[in-house]
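Enquirer: Before anything else, here's the structure in question.
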Amino acid sequence: MRLTHTARVLKHRARKFLKWVSLVTPLRPLFRILFMRPFWFLRFRLAKADSAAPKVSLVMAVWNNETMVGDAIRSARAQSWQNLEIIIVDDGSTDHTGKLVDRFAGDRVKVLHQANAGPGAARNKGVDQITDSKYLVFLDSDDLLPIHGVRRLVESAEKSGSPFVIGKLERFDGLRRFDRRDNMNVYALDRQAITIEDEPRVLSDANISAKLYRMDFWRSAELRFPEGVVYEDMPVVVTAYLSAPQFDIVSKCVNLWRVRGEGQSITQKKTEVKSLADRLTAIERIYNQLLEFENAGKLSRRVRDFYLERIISLDLQLFVVKLGDADQEYFDVFAKRGGALVAHASEEIWARAGGAYKELVRLAVTGDRAKTLERLAASGL
């Protein structure tokens, strides 16, 4: 059946429209950010400082992220919580990041520079600058803060008296906001004055962002970042969970984690031996912390069992899918150190663990590289 003239015209226009959409769609995230910039600027210019409100220090470690760091700072300056100081530590950037952050220096923004020493050292230096703030938050240079992000955390802490508050961190690809699958159930409801025994699933969220620490708690718990490694925030957050007499959960989003191009983020370099080794070091530290508290009678076995379940369900599966692209050294590190961790897991823990590549993990930790690579190839990885 031949198309009528009108149908042919409509079909032609539809094709042109689809072609236009295919060209414009990749630019939509940029358009959204460009739309937000004047809003952030106006919020910052029109805001009035409120010295009567509890003071919050926001620490941001930055390194070679000139394309994103400006918007992270703009979103922080636009916060509705008006007693906020921003401390930025440039960790020896070799691009234009250092010069860019200097442009934001002012009454509420302090900028420091240091020779490259890693994110842990940069964050420690930022925290060391704090003198009179009641609370502390962290922001990564590739993240954004919702307008009321800091306010939601502070108001919960002020209401409950908890020294530690965690809020929902959502992933953001420039178009959509979506929950992280590994911890979305933790943030179903607001909760106050709970402990890790009440909600061991919080161990799924060991990211330093989207959390508020009372400064006296931070110091009394002797919280400090390990230096010279990545994943340096994970043991710090778990120490906070274990040390806090109580903490709160804020169900609303308080931080947007921007998804970056593959390989751009430090923690996305999963085929590098150092990245794997640093992740395993962080996991081992956390596991040993949990075991120490358990042996001291301060923690039940079920908390450690949950963490073992998470190691199998998430941590090791993030790296097992990369074994096909990695060398023998990488495989040996995964098999030996990963195997030592999951050796503590019972069959019940293995049965509860989820994830599409659980059986690949079980095979890889036996040390049989040939069979593991064969299974990876059969899985299309």
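Each residue of the sequence shown is one higher than the one before, counting from 1 in full-length UniProt numbering. Cβ atoms here follow ideal geometry from the backbone N, Cα and C, with glycine treated the same way.
#1: When DSSP labels each residue in this structure, what does L256 get in the three-state scheme?
#2: Helix, strand or coil: how does DSSP classify K168 here?
#3: Please report the straight-line C-alpha distance between E199 and V186, rounded to a whole angstrom.
#4: Compute the distance between the beta-carbons of F306 and R201, then report whether it is under 8 Å.
#5: What is the C-beta distance between I311 and V342, in whole angstroms, given that I count them as a contact (C-beta under 8 Å)?
#6: Relative to the alpha-carbon of A221, which residue among A353, Y241, A340 has its alpha-carbon at the smallest distance?
#7: What residue range is occupied by the uninterrupted beta strand (DSSP E) comprising S133?
#8: Can you name the start and end residues of the alpha helix (DSSP H) that L280 belongs to?
#9: Which residue wins for smallest C-alpha separation from F138, given the options E309, F39, M215, S251?
#10: Going by the beta-carbon positions, is the gap between G149 and A115 smaller than 8 Å?
#11: Quick check on the DSSP output: the beta strand (DSSP E) that includes V59 runs from which residue to which?
#12: Check the C-beta distance from V320 over to A364 and give it rounded, since I have them as a contact under 8 Å.
#13: How about L291 and R304: are their beta carbons less than 8 Å apart?
#14: Output the distance between the C-alpha atoms of A105 and V111, rounded to the nearest integer angstrom.
#15: Compute the Euclidean distance between the alpha carbons of T366 and A72, then round it to the nearest angstrom.
#16: Whole angstroms is fine: what's the gap from N65's alpha carbon to S243's?
#17: Near Q192, what residues of its chain come up, given a Cβ to Cβ distance below 6 Å and the 5 sequence neighbours on each side ignored?
#18: With a cut-off of 8 Å on the beta carbons, I'd call L195 and Q246 a contact; round off their distance for me.
#19: Could you tell me the distance, in whole angstroms, from the CA atom of R301 to the CA atom of Y287?
#20: Work out the CA separation of E197 and G297 for me, nearest whole Å.
#21: Taking 8 Å as the threshold, find out whether the segment 343-351 comes into contact with the segment 374-381 through three or more Cβ pairs.
Expert: Concretely, from the data shown:
#1: Sequence index remark: in the sequence shown, residue 256 carries index 256 (1-based). Strand.
#2: Translated into the one-based positions of the sequence shown, residue 168 becomes position 168. The answer is strand: DSSP assigns K168 an E or B state.
#3: The residue labelled residue 199 in the question sits at position 199 within the sequence shown. The residue labelled residue 186 in the question sits at position 186 within the sequence shown. Roughly 8 Å separates the two Cα atoms.
#4: Position 306 of the sequence shown, counting from 1, holds the residue named residue 306. Position 201 of the sequence shown, counting from 1, holds the residue named residue 201. A contact, by the Cβ cut-off of 8 Å.
#5: Here the question's residue 311 lines up with position 311 in the sequence shown. Here the question's residue 342 lines up with position 342 in the sequence shown. With 8 Å as the limit, I311 and V342 qualify as a contact, their Cβ atoms being about 7 Å apart.
#6: Mapped onto the sequence shown, residue 221 falls at position 221. Minimum Cα distance to A221 is reached at Y241.
#7: Here residue 133 corresponds to residue number 133 of the sequence shown, with the count starting at 1. Looking at the DSSP string, S133 is not in any beta strand (DSSP E), and its letter there is neither H nor E.
#8: In the sequence shown, counting from the first residue as 1, residue 280 sits at position 280. Segment 273-295, the alpha helix (DSSP H) holding L280.
#9: Working through the sequence shown from its first residue, we reach residue 138 at position 138. The shortest Cα separation from F138 among E309, F39, M215, S251 belongs to M215.
#10: The residue you call residue 149 lines up with position 149 of the sequence shown. The residue you call residue 115 lines up with position 115 of the sequence shown. At the C-beta level, G149 and A115 stay beyond 8 Å of one another.
#11: Reading the sequence shown from its first residue, position 59 is the one you call residue 59. Taken as a continuous stretch (DSSP letters only), the beta strand (DSSP E) holding V59 covers 56-62.
#12: Here residue 320 corresponds to residue number 320 of the sequence shown, with the count starting at 1. Here residue 364 corresponds to residue number 364 of the sequence shown, with the count starting at 1. Confirmed, Cβ separation roughly 6 Å.
#13: In the sequence shown, residue 291 corresponds to position 291, counting from 1. In the sequence shown, residue 304 corresponds to position 304, counting from 1. Cβ distance < 8 Å, so L291 and R304 count as in contact.
#14: Locating residue 105 in the sequence shown gives position 105, where the first residue counts as 1. Locating residue 111 in the sequence shown gives position 111, where the first residue counts as 1. For A105 and V111, the distance between alpha carbons rounds to 6 Å.
#15: On the sequence shown, residue 366 is found 366 positions in, with the first residue counted as 1. On the sequence shown, residue 72 is found 72 positions in, with the first residue counted as 1. Those two C-alpha atoms are separated by around 43 Å.
#16: The sequence position of residue 65 within the sequence shown is 65, counting from 1. The sequence position of residue 243 within the sequence shown is 243, counting from 1. Their backbone Cα atoms lie some 33 Å apart in a straight line.
#17: Residue mapping note: residue 192 aligns to position 192 of the sequence shown, counting from 1. Excluding sequence neighbours, Q192 sits near S160, D248.
#18: In the sequence shown, residue 195 corresponds to position 195, counting from 1. In the sequence shown, residue 246 corresponds to position 246, counting from 1. First, the amino acid is wrong: residue 195 is Thr here, not Leu. Confirmed, Cβ separation roughly 6 Å.
#19: Here the question's residue 301 lines up with position 301 in the sequence shown. Here the question's residue 287 lines up with position 287 in the sequence shown. Spanning the two alpha carbons is a distance of roughly 12 Å.
#20: Here residue 297 is taken as the residue at index 297 of the sequence shown, counted from 1. Here residue 197 is taken as the residue at index 197 of the sequence shown, counted from 1. About 12 Å.
#21: no
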